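Participant:
Number of protein chains: 2
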Amino acid sequence: MMERMARKPVAREAVLDAFESLLIEEGERAATLDAVARLAGVSKGGLLYHFPNKEAMISVLLERLDRLLAEDLAAMAAAPEGAAAFFIKSSVWADTPLDRVFVAATRLAEVAHQETLRRMAAVQASWLELLAADVGPAMAKPVLYMGDGLYFNAMLARGPGGPDPEVGADVESLLTALGRLRG
Amino acid sequence: MMERMARKPVAREAVLDAFESLLIEEGERAATLDAVARLAGVSKGGLLYHFPNKEAMISVLLERLDRLLAEDLAAMAAAPEGAAAFFIKSSVWADTPLDRVFVAATRLAEVAHQETLRRMAAVQASWLELLAADVGPAMAKPVLYMGDGLYFNAMLARGPGGPDPEVGADVESLLTALGRLRG
DNA sequence: TTAACTGTACCGTCTGGACGGTACAGTTAG
DNA sequence: CTAACTGTACCGTCCAGACGGTACAGTTAA
Numbered sequence: 001m002m003e004r005m006a007r008k009p010v011a012r013e014a015v016l017d018a019f020e021s022l023l024i025e026e027g028e029r030a031a032t033l034d035a036v037a038r039l040a041g042v043s044k045g046g047l048l049y050h051f052p053n054k055e056a057m058i059s060v061l062l063e064r065l066d067r068l069l070a071e072d073l074a075a076m077a078a079a080p081e082g083a084a085a086f087f088i089k090s091s092v093w094a095d096t097p098l099d100r101v102f103v104a105a106t107r108l109a110e111v112a113h114q115e116t117l118r119r120m121a122a123v124q125a126s127w128l129e130l131l132a133a134d135v136g137p138a139m140a141k142p143v144l145y146m147g148d149g150l151y152f153n154a155m156l157a158r159g160p161g162g163p164d165p166e167v168g169a170d171v172e173s174l175l176t177a178l179g180r181l182r183g
Numbered sequence: 001m002m003e004r005m006a007r008k009p010v011a012r013e014a015v016l017d018a019f020e021s022l023l024i025e026e027g028e029r030a031a032t033l034d035a036v037a038r039l040a041g042v043s044k045g046g047l048l049y050h051f052p053n054k055e056a057m058i059s060v061l062l063e064r065l066d067r068l069l070a071e072d073l074a075a076m077a078a079a080p081e082g083a084a085a086f087f088i089k090s091s092v093w094a095d096t097p098l099d100r101v102f103v104a105a106t107r108l109a110e111v112a113h114q115e116t117l118r119r120m121a122a123v124q125a126s127w128l129e130l131l132a133a134d135v136g137p138a139m140a141k142p143v144l145y146m147g148d149g150l151y152f153n154a155m156l157a158r159g160p161g162g163p164d165p166e167v168g169a170d171v172e173s174l175l176t177a178l179g180r181l182r183g
């Protein structure tokens, strides 16, 4: 098979990972092109070779989000414990690839990045649909909001290198609550 | 009564309100000193006359938050429908002074502003305490998270001049859910 | 087989603008 | 007279992005 590329673009993935990390750990303001290039171990020129501008970097990150989210939605729909329980459990930070892109995207949404906001809204709608199929349309929003609230609080709790709080007990109480909502 | 000031510092409140508005509607990055001064109808020199630096502006905004929050907590504790129902109802965006400072503070927390993060954590703890007194310690977190999730989603839904979604139905379903959690 | 060439994957530097903040001289109004 | 401003000019830093290179893998043609 012929190789179209002279060398493998190792920098490209490294840059994307670095961008994601900076968004997660230090917020959008810290995720400058210079900082991303530095963390990725790439020169700024090299970064801009792969991503002509910052917007392009964001857009590729959102593609990564879409891809991982599609997998997650499939798993949620097929979860034996039910979509709602799956959703609650997966609302806790576990440092999975999906968690990482999702939080990174949240950082962008926070600074009112339009395209990101649109995608996040679509994501919420998808989740709501699956939840409604599981717990009924009336209780879908309460469940969605419980999960989102868990996420929200975990995000607020992040300091610089802050230890992730013991959310295990929280998940337990949310699952108990879920049982009551199911009635 | 003697007037110590030659004129009333009208600019001061105007600046603070403008800062708040910019944080809410356009995010932290847009809330630059120049932008704040412009929106407040004040010169940049005038702004810096009252607030020697940006940090000072933030700190006065957080004082405003503390003040309004203390009132809200008192109302929540005394609410006839119960603290939890009061909390859910007040988790919806109503453009009250408290809503405004709170969302503004959230924007600062989002960019990892340390002092803001500390205050927000304290706020959550206060709410949790009152909720636990109302619905019991086991169901306090689920209720807290439902309210936070509502807030979180409202924030994500904000576009430029985006119409606030019909959250009335959401509140209804959350109150229904609250009833089941109590039962 | 090898020299000439092509395209990809980078590197390092520079520029123009924005931002936070300083300084300070003047103006208005109680 | 003094507090509350306005307005402008400026500084240092940081940032997005442009630009001109370099290194080298693969391709082509003599």
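The listed protein sequences derive, respectively, from chains A and B.
Residue numbering for the first sequence follows the working numbering, starting at 1 and increasing by one per position.
Residue numbering for the second sequence follows the working numbering, starting at 1 and increasing by one per position.
Beta carbons are placed, not taken as given, at the ideal position from N, Cα and C, and that holds for glycine.
All figures in this text were calculated on a predicted structure; none of them were measured in a lab.
Look at the Cβ atom of A85/B, then the Cβ atom of L175/B, and state whether they are nearer than 8 Å.
Facilitator: Position 85 of the second sequence, counted from the start, is the residue given in the question as residue 85/B. Position 175 of the second sequence, counted from the start, is the residue given in the question as residue 175/B. Yes, they are a contact pair.
Participant: Does any C-beta atom of chain B lie closer than 8 Å to the C-beta of T32/A?
Facilitator: On the first sequence, position 32 is the one that residue 32/A refers to. No, T32/A lies away from the interface with chain B (no Cβ there is under 8 Å from its Cβ).
Participant: So what's E115/B in DSSP terms, helix, strand or just coil?
Facilitator: Numbered from 1 along the second sequence, position 115 holds the residue referred to as residue 115/B. If DSSP states are grouped into helix, strand and coil, E115/B belongs with the helices.
Participant: Taking Cβ positions only, does F185/B come closer than 8 Å to chain A?
Facilitator: Shown here, chain B extends from 1 to 183; a query on residue 185/B therefore has no answer.
Participant: Report the CB separation of V171/B from V92/B in whole angstroms; it is logged as a contact under 8 Å.
Facilitator: If you number the second sequence from 1, residue 171/B lands on position 171. If you number the second sequence from 1, residue 92/B lands on position 92. Beta-carbon to beta-carbon, V171/B and V92/B are separated by about 6 Å, close enough to satisfy the 8 Å threshold.
Participant: To the nearest angstrom, report how far apart R29/A and A56/B are at their CA atoms.
Facilitator: Mapped onto the first sequence, residue 29/A falls at position 29. Mapped onto the second sequence, residue 56/B falls at position 56. One C-alpha to the other measures close to 20 Å.
Participant: So for N53/A, helix, strand or coil by DSSP?
Facilitator: Translated into the one-based positions of the first sequence, residue 53/A becomes position 53. Coil at N53/A, not helix or strand.
Participant: Beta carbons nearer than 9 Å to chain A: which residues of the stretch 92–112 of chain B have them?
Facilitator: T106, R107, A109, E110, V111, A112
Participant: Could you check whether L131/A and F87/A sit closer than 8 Å to each other, using their CB atoms as the reference points?
Facilitator: On the first sequence, residue 87/A is found 87 positions in, with the first residue counted as 1. On the first sequence, residue 131/A is found 131 positions in, with the first residue counted as 1. Yes, Cβ-Cβ distance for F87/A and L131/A is below 8 Å.
Participant: Does K44/B come out as helix, strand or coil in the three-state DSSP assignment?
Facilitator: For the purposes of this step, residue 44/B is taken as residue 44 along the second sequence, with counting starting at 1. DSSP places K44/B in helix when its eight states are reduced to three.
Participant: Could you say which of S21/A, K8/A, F51/A lies nearest to L98/A if we only look at CA atoms?
Facilitator: By one-based count along the first sequence, residue 98/A stands at place 98. The shortest C-alpha separation from L98/A is found at S21/A.
Participant: DSSP three-state call for D72/B: helix, strand or coil?
Facilitator: Against the second sequence, residue 72/B aligns to sequence position 72. In the structure shown, the three-state DSSP call for D72/B is helix.
Participant: Does the contact criterion of 3 or more C-beta pairs under 8 Å hold for the stretch 11–19 of chain B versus the stretch 39–55 of chain B?
Facilitator: yes
Participant: Look at the alpha carbon of V135/B and the alpha carbon of S90/B, and state the distance between them as a whole number of angstroms.
Facilitator: Looking up residue 135/B in the second sequence gives position 135. Looking up residue 90/B in the second sequence gives position 90. Using only the alpha carbons, I get a separation of about 17 Å.
Participant: Beta carbons nearer than 7 Å to chain A: which residues of the stretch 50–61 of chain B have them?
Facilitator: none
Participant: Assuming R29/B is part of the alpha helix (DSSP H), what are its boundary residues?
Facilitator: In the second sequence, counting from the first residue as 1, residue 29/B sits at position 29. Counting along the chain, R29/B falls outside any alpha helix (DSSP H), and DSSP gives it neither H nor E.
Participant: Less than 8 Å between the C-beta atoms of A70/A and M76/A, yes or no?
Facilitator: Locating residue 70/A in the first sequence gives position 70, where the first residue counts as 1. Locating residue 76/A in the first sequence gives position 76, where the first residue counts as 1. Judged by beta-carbon spacing, M76/A lies beyond the 8 Å limit of A70/A, meaning their Cβ atoms are not closer than that value.
Participant: Relative to the C-alpha of A109/B, which residue among I58/B, A133/B, D34/B is closest?
Facilitator: Mapped onto the second sequence, residue 109/B falls at position 109. The option with the nearest alpha carbon to A109/B is I58/B.
Participant: If you follow the alpha helix (DSSP H) that A157/B is part of, which residue opens it and which one closes it?
Facilitator: In the second sequence, the residue the question calls residue 157/B occupies position 157. Element bounds for A157/B: 137–157.
Participant: Along chain B, which residues have their Cβ under 8 Å away from the Cβ of K141/A?
Facilitator: For the purposes of this step, residue 141/A is identified with residue 141 of the first sequence, where counting begins at 1. By Cβ distance, chain B contributes D170, S173, L174.
Participant: Listing by chain order, which chain A residues have their CB less than 8 Å from the CB of A121/B?
Facilitator: Start at 1 with the first residue of the second sequence, and residue 121/B comes out as number 121. Residues of chain A whose Cβ lies closer than 8 Å to the Cβ of A121/B are, in chain order, L156, A157.
Participant: Can you give me the C-alpha to C-alpha distance between A94/B and R67/B, rounded to a whole angstrom?
Facilitator: The residue labelled residue 94/B in the question sits at position 94 within the second sequence. The residue labelled residue 67/B in the question sits at position 67 within the second sequence. Approximately 18 Å, taken between the alpha carbons.
Participant: What's the gap between the Cα of M146/A and the Cα of M139/B?
Facilitator: Stepping through the first sequence from its first residue, residue 146/A is reached at position 146. Stepping through the second sequence from its first residue, residue 139/B is reached at position 139. Cα-Cα distance, rounded: 11 Å.
Participant: In this structure, how does DSSP classify S91/B when only helix, strand and coil are distinguished?
Facilitator: Here residue 91/B refers to the residue found at position 91 of the second sequence. Reduced to three states, the DSSP call for S91/B is coil.
Participant: By the criterion of Cβ-Cβ separation under 9 Å, what are the contact partners of A70/B in chain A?
Facilitator: In the second sequence, residue 70/B corresponds to position 70, counting from 1. Near A70/B there are no residues of chain A at all, since even the closest Cβ is about 20 Å away, more than 9 Å.
Participant: To the nearest angstrom, how far is the alpha carbon of T96/B from that of R119/B?
Facilitator: As a first step, residue 96/B must be located in the second sequence, where it is residue number 96. As a first step, residue 119/B must be located in the second sequence, where it is residue number 119. Taking the straight line joining both Cα atoms gives about 20 Å.
Participant: Rounded to whole angstroms, what is the Cα-Cα separation between L128/B and S43/A?
Facilitator: Numbered from 1 along the second sequence, position 128 holds the residue referred to as residue 128/B. Numbered from 1 along the first sequence, position 43 holds the residue referred to as residue 43/A. Near 48 Å, if we compare the C-alpha coordinates of S43/A and L128/B.
Participant: Any idea what DSSP makes of G168/A, helix, strand or coil?
Facilitator: Position 168 of the first sequence, counted from the start, is the residue given in the question as residue 168/A. Note: G168/A maps to helix in three-state DSSP.
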